[in-house]
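Residue numbering for the sequence shown follows the numbering used here, starting at 19 and increasing by one per position.
Think of the CB as a built atom: it goes at the ideal place given N, C-alpha and C, for glycine as much as any other residue.
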Amino acid sequence: MNTDAISLHALTKTYGPKRPAADDTTVTALDAVSLAFPRGGFTAVMGPSGSGKSTLLQCAAGLDRPTSGSVTLGGTELTGLSETRLTRLRRERIGFVFQAFNLLPSLTAEQNVALPLRLAGRRVPRARVREALRQVGLGERARHRPTELSGGQQQRVALARALITRPEVLFADEPTGALDSQTGREVLTLLRSLVDREGLTVLMVTHDPVAASYADRVVFLVDGRVNGDLTGASVDAIATHLTTLEASPC
Ligand code: ADP
Ligand code: MG
Numbered sequence: 019m020n021t022d023a024i025s026l027h028a029l030t031k032t033y034g035p036k037r038p039a040a041d042d043t044t045v046t047a048l049d050a051v052s053l054a055f056p057r058g059g060f061t062a063v064m065g066p067s068g069s070g071k072s073t074l075l076q077c078a079a080g081l082d083r084p085t086s087g088s089v090t091l092g093g094t095e096l097t098g099l100s101e102t103r104l105t106r107l108r109r110e111r112i113g114f115v116f117q118a119f120n121l122l123p124s125l126t127a128e129q130n131v132a133l134p135l136r137l138a139g140r141r142v143p144r145a146r147v148r149e150a151l152r153q154v155g156l157g158e159r160a161r162h163r164p165t166e167l168s169g170g171q172q173q174r175v176a177l178a179r180a181l182i183t184r185p186e187v188l189f190a191d192e193p194t195g196a197l198d199s200q201t202g203r204e205v206l207t208l209l210r211s212l213v214d215r216e217g218l219t220v221l222m223v224t225h226d227p228v229a230a231s232y233a234d235r236v237v238f239l240v241d242g243r244v245n246g247d248l249t250g251a252s253v254d255a256i257a258t259h260l261t262t263l264e265a266s267p268c
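Put into structure tokens, the structure is as follows:
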């Protein structure tokens, strides 16, 4: 049995040009990236600004289409899917959290968490929503609206919302980017325990070596290409590797 939750093969994404004549404006955001992410693993993706981290996550999560190459999620090749099937796959098999929590302000925590099931036209058992909130330590806050919650609590609601469908992979783009370091650590500890206790697979983009040190493995991107990876690395080792990348000429 294939133990990879998700794998990328020669993934390439180019942007532009808007007009065919302006071919010098083409940007290669991802350049033939091949990577595999094991089930139950926690991987961080790092690299300088503009190195393709968000593009990698968006393509891997089926939020964006690669120019060429393939993404395989638990045996399903995403690139061949129609928009309708891709949308369904995203709803049912993928979770996503962003730097901005993206909660709907008029809905309570439990209504926000229930949303993905509602959108999928599925029944929303209240016990399941409450369980998802308990899982992220917010059992007592189910009736609160986002403005009544701290940043860390809002991100935990977003996490519960991403996990309500029991996705195969959780994608997180700078999930602690809007949080102070203490609150950020609480969210990272929570992610780590979901990986360890529930066997969740996490793929997280971060610029913060402390955040990356919670992962099992750190993959580095430079100019849309993989530029080394570290397993079980300390904060210092990650920071040092990052410095060498940022010092290197483009
Ligand atoms: P990162 O997340 O590592 O900062 P991105 O994946 O956002 O990098 O971007 C990689 C490259 O692709 C950058 O040069 C960026 O300017 C370019 N890019 C990203 N999105 C678009 C877009 N929608 N249109 C044109 N260029 C884009
Ligand atoms: Mg980015």
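Taking its Cβ as the centre, do 16 or more other Cβ atoms sit within 10 Å of residue i, making it buried, or is it exposed?
{"i": "SER6", "result": "Because residue 6 is not part of the residues shown, which for the chain are 19 to 268, the question remains open."}
{"i": "LEU137", "result": "exposed"}
{"i": "GLN200", "result": "exposed"}
{"i": "ALA23", "result": "buried"}
{"i": "ASN130", "result": "buried"}
{"i": "SER67", "result": "exposed"}
{"i": "THR102", "result": "exposed"}
{"i": "CYS268", "result": "Reliability fails at CYS268, whose pLDDT of 48 lies under 50, so the model's placement of it is uncertain and the value that follows must be treated cautiously. By the neighbour-count rule (16 or more Cβ atoms within 10 Å), CYS268 is not buried but exposed."}
{"i": "ALA160", "result": "buried"}
{"i": "LEU260", "result": "buried"}
{"i": "SER168", "result": "exposed"}
By alpha-carbon positions, which one of the options ends up nearest to residue i?
{"i": "LEU156", "options": "VAL175, GLY242 and ASP42", "result": "VAL175"}
{"i": "LEU81", "options": "ALA160, THR219, ARG140 and ARG109", "result": "ARG109"}
{"i": "ARG148", "options": "ALA50, VAL237, LEU239 and GLU128", "result": "GLU128"}
{"i": "LEU151", "options": "THR183, GLY98, SER100 and VAL45", "result": "THR183"}
{"i": "ASP226", "options": "LEU208, GLY242 and ALA255", "result": "ALA255"}
Can you tell me whether residue i is helix, strand or coil according to DSSP?
{"i": "ASP254", "result": "helix"}
{"i": "THR85", "result": "coil"}
{"i": "ARG141", "result": "coil"}
{"i": "SER69", "result": "coil"}
{"i": "ASP241", "result": "coil"}
{"i": "HIS225", "result": "coil"}
{"i": "PRO56", "result": "strand"}
{"i": "ALA150", "result": "helix"}
{"i": "ARG203", "result": "helix"}
Indicate whether at least one CB of chain C lies closer than 9 Å to the CB of residue i.
{"i": "GLU192", "result": "Among the protein chains of the structure shown there is no chain C, as only one such chain exists."}
Between which two residues does the alpha helix (DSSP H) holding residue i run?
{"i": "PRO134", "result": "127-137"}
{"i": "SER100", "result": "From DSSP, SER100 is part of no alpha helix (DSSP H); its letter is neither H nor E."}
Locate the beta strand (DSSP E) running through residue i, then write down its first and last residues.
{"i": "ASP191", "result": "187-191"}
{"i": "GLY170", "result": "Per DSSP, GLY170 belongs to no beta strand (DSSP E); it is in the alpha helix (DSSP H), 169-181."}
Per the contact definition of three or more C-beta pairs closer than 8 Å, is the segment 118-126 in contact with the segment 86-99? no
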